[in-house]
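Numbering (my numbering), first residue to last: 422 to 662.
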C-alpha cells in the first residue's frame, strides 16, 4: 500500500530550501526574494507548493508579500532556525493545553487549601506575596517568589500527589513564570496574587476561582501573541513540558 505524501512535510522542506537560498545569497531583512517563477525554478518545485510555503512563512511573520511589488524578508532567515520557527505553533498548542490542566489544578489546590491551611501557613503565604509584589514593583525577576507562593498553596492542600503533579510540571513552569520577568505583563497581573492570597485567607472559593481564571486567560493570551523563538533555559517556550 502506497503511503500518502505528507503535504505538511513538503511545505516545511520548501521553507527550509527558501531559508537556505536566502542565507547562501546573503539576503537580509528588507531584501526582496526572487519572483515566484524564478524561485520555483531555482528550488525545482511547483508554483502551487511554493505559494503554500510562502503563505506559511508570511503567517509566521518571516516574509511580507506586497501586491505588485514582490516578497520581502521580514525576519532573519538563517540556517538551523527553520525547525524551531515551524514548531512554535505546535509548542503553543501544547502550552495552552497544559494551562488548562493548570487551571484545574489551581482550582482544586485552592479549594483544599482553604479547608486545611494553618494560620502559620497563611502568614507564610502573605510573606511570599509581599516579596513577589516587591520584586514586581522593582521590575526584578520574580520567578522564585511566584513558584514558592503556589507551592505553599499546593502543600496546604494536604494532598501529596497533587503537589507531586506540580513538581512534575516544573519544567513547564519555567514558561508559566517567564511572563513575570516582563514589566508590561507584570503591570497587568500585579494584583492577581494578592487577590488569590486574600481569597484563601477569607476562604472565598468563588473569588479564588474568578481570579485564577482571569490569570490563566491572560497568560494564554500572552502565549498566543508570542512569536519568539525558544531559547535555552525555558524562555520563551519550554524545551520540555
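No residue lacks a Cβ here, since even glycine has one placed at the ideal position from N, Cα and C.
Predicted model, so just to flag it, every value in this text is computed and none were measured.
Contact set for residue i: own chain, Cβ-Cβ below 6 Å, skip 5 residues either direction
i: residue 622; result: 543
i: residue 624; result: 535
From the options, residue whose alpha carbon lies closest to that of residue i
i: residue 531; options: 572, 480, 482, 515; result: 572
i: residue 637; options: 534, 527, 559; result: 527
i: residue 568; options: 498, 459, 639, 552; result: 552
i: residue 442; options: 564, 474, 498, 432; result: 498
i: residue 513; options: 630, 470, 489, 481; result: 481
i: residue 615; options: 627, 570, 584; result: 570
i: residue 493; options: 448, 639, 537, 432; result: 448
i: residue 584; options: 439, 496, 455, 523; result: 523
Own chain, CB closer than 7 Å to residue i, minus 5 neighbours either side, in chain order
i: residue 539; result: none
i: residue 534; result: 574, 577, 578, 621
i: residue 630; result: 528
Own chain residues within Cβ distance below 8 Å of residue i, not counting five before or after
i: residue 547; result: 618, 622
i: residue 476; result: none
Residues that DSSP places opposite residue i in a beta bridge
i: residue 491; result: 487
Coarse secondary structure for residue i, derived from DSSP in three states
i: residue 453; result: strand
i: residue 586; result: helix
i: residue 437; result: helix
i: residue 538; result: coil
i: residue 465; result: coil
i: residue 627; result: helix
i: residue 578; result: coil
C-beta contact flag for residue i and residue j at 7 Å
i: residue 644; j: residue 613; result: no
i: residue 474; j: residue 436; result: yes
Any C-beta of chain D under 7 Å from that of residue i
i: residue 495; result: As a matter of chain content, chain D is missing from the structure shown, which is built from one protein chain.
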